[in-house]
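Peer 1:
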Amino acid sequence: MKMPRKIKTYCKYCKKHTEHEVHRTKKKKASEMAQGQRRFRRVMRGYRGFPRPKPEGREKTSRRINVKLTCGICKKSIQPPSQRSKSFSIE
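Each residue of the sequence shown is one higher than the last, beginning at 2 in my numbering.
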């Protein structure tokens, strides 16, 4: 999927259509102190196996592309719903 560097779309903070700059978002490091991570570490202690079964089925061939749009006037960011695509580039 190819996307332009700037898109004119609605900004809910300015309440009008403005130029938005397109950025690709990256996954941040997961928190070690999250409730699910603490539960997982507690279950993995000792002499037992992995707490969940292996996922069945094939691996997907595409990945979700997360895009962040930054308003050129107020500099606020919005993140529209992600889409699936094999490749992504900003032109």
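Glycine included, C-beta positions come from ideal geometry on N, C-alpha and C.
These numbers come from a predicted model, not from an experiment.
Should CYS12 go down as buried or exposed, given a rule of 16 or more other Cβ atoms within 10 Å for buried?
Peer 2: Residue 12 sits at position 11 when you count from the first residue of the sequence shown. Label assigned to CYS12: buried.
Peer 1: What does a CB cutoff of less than 6 Å around ILE74 pick up in its chain, not counting 5 residues either side in sequence?
Peer 2: Within the sequence shown, residue 74 is the residue found at index 73, counting from 1. Taken in chain order, the residues that qualify are CYS15, THR19.
Peer 1: Check for me: the beta strand (DSSP E) holding GLN84 runs from which residue to which?
Peer 2: Taking the first residue of the sequence shown as 1, we reach residue 84 at position 83. Run containing GLN84: 84 to 86, per the beta strand (DSSP E) assignment.
Peer 1: Near LYS9, which residues of its chain fall below 8 Å by C-beta distance, leaving aside the five closest residues on each side in sequence?
Peer 2: Walking along the sequence shown from the start, residue 9 turns up at place 8. Same-chain partners within the cutoff: HIS18, THR19, GLU20, HIS21.
Peer 1: Taking the Cβ atom as the reference point for each residue, do PHE89 and ILE66 lie within a distance shorter than 9 Å?
Peer 2: Position 88 of the sequence shown, counted from the start, is the residue given in the question as residue 89. Position 65 of the sequence shown, counted from the start, is the residue given in the question as residue 66. Contact flag set, yes.
Peer 1: Can you give me the start and stop residues for the beta strand (DSSP E) that ARG25 sits inside?
Peer 2: On the sequence shown, residue 25 is found 24 positions in, with the first residue counted as 1. 17 to 25 is the extent of the beta strand (DSSP E) around ARG25.
Peer 1: Provide the residue(s) that pair with SER90 in DSSP beta bridges, ordered along the chain.
Peer 2: Position 89 of the sequence shown, counting from 1, holds the residue named residue 90. Per DSSP, LYS3.
Peer 1: Taking Cβ positions, are ILE91 and LYS27 nearer each other than 9 Å?
Peer 2: For this step, residue 91 is matched to residue 90 along the sequence shown. For this step, residue 27 is matched to residue 26 along the sequence shown. Not closer than 9 Å, so no.
Peer 1: For PRO81, which residues from the same chain have a beta carbon less than 6 Å from its beta carbon, with the 5 sequence-adjacent residues on both sides left out?
Peer 2: As a first step, residue 81 is located in the sequence shown; it is residue number 80 there, counting from the start. Once the five neighbours on either side are set aside, PRO81 has no close Cβ partner at all.
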